[in-house]
Every structure is written in C-alpha cells, then in structure tokens.
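Since the structure comes first, as structure tokens, the remarks are kept for the end.
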Amino acid sequence: MYKNNINSHPMNSGIVHIETPKTALFADLVFACLFMCLLVMMPTLSVAAPNINSYDNQVAQLTKNLSADNAKIRAIEKSIATLDRKTLGLRKRLRKERTGSRTEINKAKRDIKRQTNEIQRLQIAIRLIEKDILLTARDTQRSKEYYKSLNPFKRQLEAGTHKDKIKQNKRNTAQMRVEKTTLTAESNAIKAERKSAEKQLLAIGKKQQNEDVDPKLQSILDQQKRKTKSIAKLRKTVRKNKSQLLALKSKRKHLLDQINLANSAPAPAAIRSNLQEPVSQQVASQTQPEFSSYVFAISGELASNIEDTLQLKSWVESYEATYIQAHWNGFEDNADNLSTDHFKQQFEERLSAIHPDANIILIGHGRGGGAAIEAATEVASKLNRAIEFLAVIDPIGDSNLRANIVYNNTSSQCVTPKSNSENDDRIINTEYAQCIKDAQRRKITSNIKHFYNRWQKDSEGPLDYHRQIAIIDNNGQNISVPTATGRFTTSSAIESDQKRVFVGEGKDAHIALLAQASKALPKLLLKHLR
Numbered sequence: 006m007y008k009n010n011i012n013s014h015p016m017n018s019g020i021v022h023i024e025t026p027k028t029a030l031f032a033d034l035v036f037a038c039l040f041m042c043l044l045v046m047m048p049t050l051s052v053a054a055p056n057i058n059s060y061d062n063q064v065a066q067l068t069k070n071l072s073a074d075n076a077k078i079r080a081i082e083k084s085i086a087t088l089d090r091k092t093l094g095l096r097k098r099l100r101k102e103r104t105g106s107r108t109e110i111n112k113a114k115r116d117i118k119r120q121t122n123e124i125q126r127l128q129i130a131i132r133l134i135e136k137d138i139l140l141t142a143r144d145t146q147r148s149k150e151y152y153k154s155l156n157p158f159k160r161q162l163e164a165g166t167h168k169d170k171i172k173q174n175k176r177n178t179a180q181m182r183v184e185k186t187t188l189t190a191e192s193n194a195i196k197a198e199r200k201s202a203e204k205q206l207l208a209i210g211k212k213q214q215n216e217d218v219d220p221k222l223q224s225i226l227d228q229q230k231r232k233t234k235s236i237a238k239l240r241k242t243v244r245k246n247k248s249q250l251l252a253l254k255s256k257r258k259h260l261l262d263q264i265n266l267a268n269s270a271p272a273p274a275a276i277r278s279n280l281q282e283p284v285s286q287q288v289a290s291q292t293q294p295e296f297s298s299y300v301f302a303i304s305g306e307l308a309s310n311i312e313d314t315l316q317l318k319s320w321v322e323s324y325e326a327t328y329i330q331a332h333w334n335g336f337e338d339n340a341d342n343l344s345t346d347h348f349k350q351q352f353e354e355r356l357s358a359i360h361p362d363a364n365i366i367l368i369g370h371g372r373g374g375g376a377a378i379e380a381a382t383e384v385a386s387k388l389n390r391a392i393e394f395l396a397v398i399d400p401i402g403d404s405n406l407r408a409n410i411v412y413n414n415t416s417s418q419c420v421t422p423k424s425n426s427e428n429d430d431r432i433i434n435t436e437y438a439q440c441i442k443d444a445q446r447r448k449i450t451s452n453i454k455h456f457y458n459r460w461q462k463d464s465e466g467p468l469d470y471h472r473q474i475a476i477i478d479n480n481g482q483n484i485s486v487p488t489a490t491g492r493f494t495t496s497s498a499i500e501s502d503q504k505r506v507f508v509g510e511g512k513d514a515h516i517a518l519l520a521q522a523s524k525a526l527p528k529l530l531l532k533h534l535r
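All residue numbers in the sequence shown are consecutive under the working numbering, ending with 535.
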C-alpha cells in the first residue's frame with residue numbers, strides 16, 4: 006500500500022518532501038548509532054584529560070630538573086675553569102720556588118765542595134809542617150849527639166856554633182808550631198762553615214720535598230677530581246632525564262592524537278585503525294640521537310692502537326659521546342686487507358645508522374689519517390653527512406706514501422722514492438716527481454666543518470718523508486726537488502688548521518706527532534662535544 010504513496014508532487018508553492026516510514030526508520034538508526042558512539046567515547050575523553058594534565062606536569066617537572074642540572078653543570082664547569090687557573094698560577098709559583106731552591110742547592114753544593122778542597126789543602130799543609138818539626142827535632146838530636154862525641158878540644162872550638170844551631174832549631178820549631186796552630190784554627194773554622202752549609206743543604210732539600218707535595222695544590226687537584234666526578238654524575242642524570250622527557254612527550258603526543266581523532270572519527274574503531282601508522286611515524290620523527298657526538302679514532306700501521314697515546318676514551322664519554330676505535334683497513338684489525346675499501350664500506354654502514362643530528366668526529370694517524378680523509382671526503386660526502394671535526398696526524402695513503410693521499414692521481418699511484426743519488430734511484434725519483442706534477446691535490450670537501458692537519462719530514466712514517474730527492478730533469482741534469490707536501494686543498498667554508506711540525510732528525514717524528522696531538526686534541530674537541 007506504500008507503493009501508492011506519492012513522495013512528492015508539484016504545487017504552485019513549490020516542492021513538498023513527505024517522509025515515508027522507511028526513511029524515518031533509517032534516521033532513527035543513525036541517531037542511535039551516534040548516541041552509542043558518544044556514550045562509548047565519553048569515558049575515554051573524561052580519562053584522557055587528567056592524563057594529559059599529568060603528562061604536562063611531569064614534562065614541566067623534568068624540564069625544570071634538566072634546566073637546574075644544566076645550570077649546575079655550567080656552574081661546575083665554571084668552577085673547574087677557575088680551579089684550572091688557580092692550578093696554573095700555583096704551578097708557576099712552585100716552579101719559581103723550585104728554581105730558587107735548585108739555585109740555593111747548587112750554591113750550597115759549590116760552597117761545600119770549595120770548603121772541602123780548602124780543608125784538604127790545609128790538612129796537607131799541617132802535615133808538611135809536622136814533618137818539618139820532626140825533621141828539625143831530629144837534626145837537633147843529631148847535633149847534640151855529635152857535639153857530645155867530640156873531644157874536649159874540638160868541643161870547645163865548636164861550642165858557639167853548636168849553641169847557635171840549637172837556638173835556631175828551637176826558633177824554627179816554635180815558628181812552625183805557631184804556623185801549625187794558625188792553620189789548624191783556620192781548618193776548624195772552615196769545617197764549621199762546611200757543617201753549617203751541609204745543614205743548610207739538608208734544610209733546602211726538605212723544603213723542596215715539601216714543595217713537591219704542596220698541600221694547597223693537592224687540595225685544588227682533589228677539588229677538581231671531586232667536581233669532575235660530580236659533573237659526570239650530573240651528565241648521566243641529564244641523559245636519563247632527557248630519555249624520560251622524550252618518552253613522556255611521545256606518550257602525550259600519542260594520547261593527544263587519540264583525542265583529536267576521537268573527536269573527529271564516527272566510531273572508536275576508526276580511532277584504532279587510523280592511529281596506528283601515523284602516530285608511530287610522528288614518534289619516530291621526534292626521536293633524538295642516542296649520543297650527542299660520535300668520535301672515530303682510526304689507527305694506522307706503525308701505531309696499531311692510537312688510544313694508548315691519545316687517552317681520549319673516558320674523557321670523550323664524560324661528554325655524553327661515544328668513542329669508536331677502528332683500523333685503517335677495517336673496524337677489526339685485519340692484516341689481509343691492504344686497502345681502505347673495507348674500512349670505508351664498514352664506515353658507511355655505521356654512518357647510515359647514526360642519527361643525522363649527531364656530531365661526527367674523525368681522528369686518524371698515519372694510514373688511519375688517510376682512511377679518515379677518504380671516509381670524510383668520499384663516504385660522508387656521498388651520504389650528504391656533515392663531519393664536525395676531522396683531525397689527521399701525519400696522514401699516509403696507499404703504499405705508505407704521503408703523495409698518494411695528498412694528491413688525487415686517478416691514473417696511477419706514485420712510486421716510492423729513494424734517498425740515494427745512484428742512477429737507478431734517480432730514475433725512480435723522477436717517476437715520483439712526475440707523478441706529483443701530473444696529479445691534482447685532493448680537496449677537503451665542504452661537508453667537513455673543521456679540519457686539523459699536522460705532518461713532518463724528519464723521519465720515516467710516510468716513505469716519502471725526505472725533504473729533497475735527486476732526480477734527472479729534461480736536460481739530463483741531476484737536480485734536487487722536494488717531496489710531496491702534507492698540505493691539502495680545502496673549501497673556503499672550512500675552518501682549517503694545517504701545519505708542518507719540525508721535530509728533528511734522528512727522532513721518531515711520526516710517533517712524536519701523535520704524542521703532541523694527545524695534548525692539543527682535548528682543547529680542540531671541547532667545543533664540538535658540548
């Protein structure tokens with residue numbers, strides 16, 4: 006019978022819509038569904054509000070704690086810097102005092118030596134006088150015996166001479182005794198002076214020992230040690246709070262997304278289905294690097310573990326950074342690999358897994374320096390990754406030649422030059438010189454922010470360390486030319502510090518540069534780790 010109902014019909018006033026029972030039933034069902042959805046979602050919304058407030062309170066508290074801890078860290082760093090200045094001043098004063106003490110000790114030793122020599126001279130003079138007294142007494146005794154042995158007539162004739170001789174011997178003996186007494190007194194006086202000088206030397210020695218263990222300096226060093234431990238503990242707390250803050254923000258974001266989707270979605274099922282992928286992507290996009298900086302220390306062939314000299318690991322890790330040790334031919338010391346290809350492949354894998362916001366720092370020595378340069382200019386540049394700091398110490402390329410890393414000769418590698426002036430050696434050296442002439446210097450690419458380079462020409466490390474080698478020029482003349490420099494071409498945007506270091510012949514300059522770097526690198530790395 007409903008089929009006979011007319012849904013609408015034209016009239017003079019317009020079109021009139023008449024609801025049928027089927028239409029009314031559908032409207033009632035839609036209204037019921039919406040009402041049920043509202044009933045289901047109301048508990049969620051009512052619970053979510055206090056949860057968000059709780060998250061906000063926790064985030065605010067953690068942020069406050071982080072600010073307080075960072076303020077404490079800055080205050081401790083400032084106090085450590087003040088203690089460093091005090092330590093420097095105290096050490097200067099102690100050095101000055103020790104220099105004065107050494108001067109006094111040397112003067113006291115010289116005085117004691119002079120006094121000892123003078124005492125020995127006086128003792129020899131006293132012994133000679135005593136010997137002369139004995140000889141005079143013996144002469145007197147013999148004269149008396151001779152005089153007694155004479156007959157009365159001769160005795161009468163020589164009586165005057167005998168008496169004069171006896172008197173003269175007595176005068177000489179008395180005079181020598183007076184001289185002996187004077188020398189003895191002088192010797193005793195010098196002995197007293199020497200004893201006083203020895204006491205003074207002993208006192209100066211004790212004073213110097215006390216200066217070596219200066220209580221004020223030791224107190225400052227103890228304070229520095231305590232503050233260093235305190236700042237390490239605070240940094241650990243900051244790292245933990247940052248992780249908690251990141252987790253809370255992620256949870257709050259997740260809950261807020263649920264609320265927003267619940268307000269716009271027709272049903273709770275839509276919340277679950279629409280939220281899974283976007284929220285995970287948003288949380289992933291907000292993650293921060295696990296460590297603020299990653300420091301790669303790359304050893305070469307001559308120093309297979311540069312950390313033994315650098316001693317940077319614990320210091321770097323105290324700044325919430327990670328310290329990774331590697332070798333020029335791989336992250337594991339693999340003697341079978343004779344090139345840097347394996348290292349670059351492994352470095353690319355590790356670099357790809359590191360958060361793009363983390364600072365990358367490369368330190369290399371010898372072949373490790375060459376590998377670090379290749380990793381920064383080839384691998385990192387290809388991945389569009391910035392290198393915060395690149396430090397190379399006496400870098401070496403293939404065949405242990407400096408020329409094969411400083412110069413980028415794509416056609417062939419340079420040969421090893423010889424230091425002798427024989428004909429065969431000059432021919433080889435000519436090939437080496439021509440190789441450098443034909444090649445272009447390797448450019449340190451613009452993805453490297455800071456570049457630190459030190460090299461030497463005093464001893465073997467690179468096989469082409471010689472300052473000059475003999476070659477044959479185009480006219481057949483024997484001439485001397487310099488070997489490859491250690492200076493690289495750099496982009497204008499790079500902050501570069503390149504210098505040749507003069508260590509001196511007869512010394513292991515290749516290793517000496519590493520020891521010098523162990524003192525310079527902490528100061529240079531400080532601003533890149535904070």
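We treat Cβ as the ideally placed atom computed from N, Cα and C, and that holds for glycine.
Only a predicted model underlies this, so the values are computations on that prediction, with no experimental measurement involved.
Reducing DSSP to helix, strand and coil, say where I499 ends up. Coil, per DSSP.
Tell me where the beta strand (DSSP E) around Q350 begins and ends. Following the DSSP letters along the chain, one finds Q350 in no beta strand (DSSP E) but inside the alpha helix (DSSP H) bounded by residues D346 to A358.
Under the three-state reduction of DSSP, which class applies to N389: helix, strand or coil? coil
Taking just the CA atoms, how far does S298 sit from S248? 16 Å
Segment limits, alpha helix (DSSP H) that includes I365: For I365, there is no enclosing alpha helix (DSSP H); the enclosing beta strand (DSSP E) covers residues N364 to H370.
Just tell me which of R107, L88 and D144 has its CA closest to the CA of Q223. L88
Near W460, which residues of its chain fall below 6 Å by C-beta distance, leaving aside the five closest residues on each side in sequence? D399, G491 and R505
Under the three-state DSSP convention, the category N339 falls into: Coil.
So what's K448 in DSSP terms, helix, strand or just coil? For K448, the three-state secondary structure derived from DSSP is strand.
Output yes or no for whether 8 Å exceeds the beta carbon distance between I365 and P467. no
Tell me whether Q330 sits in a helix, a strand or coil according to DSSP, three-state version. strand
Supposed close pair G375, I311 - CB separation, criterion 8 Å: With 8 Å as the limit, G375 and I311 do not qualify as a contact, their Cβ atoms being about 14 Å apart.
Are S323 and R231 close, meaning C-beta to C-beta below 8 Å? no
Could you give the DSSP three-state label for A396: helix, strand or coil? Correct three-state label for A396: strand.
My assumption, with CB atoms under 8 Å, is that A302 sits in contact with L315. Please give the rounded CB distance. 7 Å
Quick one: Cα of T4 to Cα of A391, how far? Here the chain covers residues 6 to 535 and nothing more, so residue 4 does not appear.
Take I359 as the anchor and find which of N389, T68, N334 and H347 has the nearest alpha-carbon. N389
Where does T494 sit, in a helix, a strand or coil, going by DSSP? In this structure, T494 counts as strand in the three-state DSSP scheme.
Just reading off the beta strand (DSSP E) that F296 is part of, what are its end residues? That residue, F296, is in no beta strand (DSSP E); it is neither H nor E in DSSP.
Limits of the beta strand (DSSP E) - the one that V486 falls within: Run containing V486: N483 to P487, per the beta strand (DSSP E) assignment.
Contact between the segment 151-163 and the segment 92-112 (3+ Cβ pairs under 8 Å): no
So which of D362, H167, R126 and S404 has the shortest CA-CA distance to K153? H167
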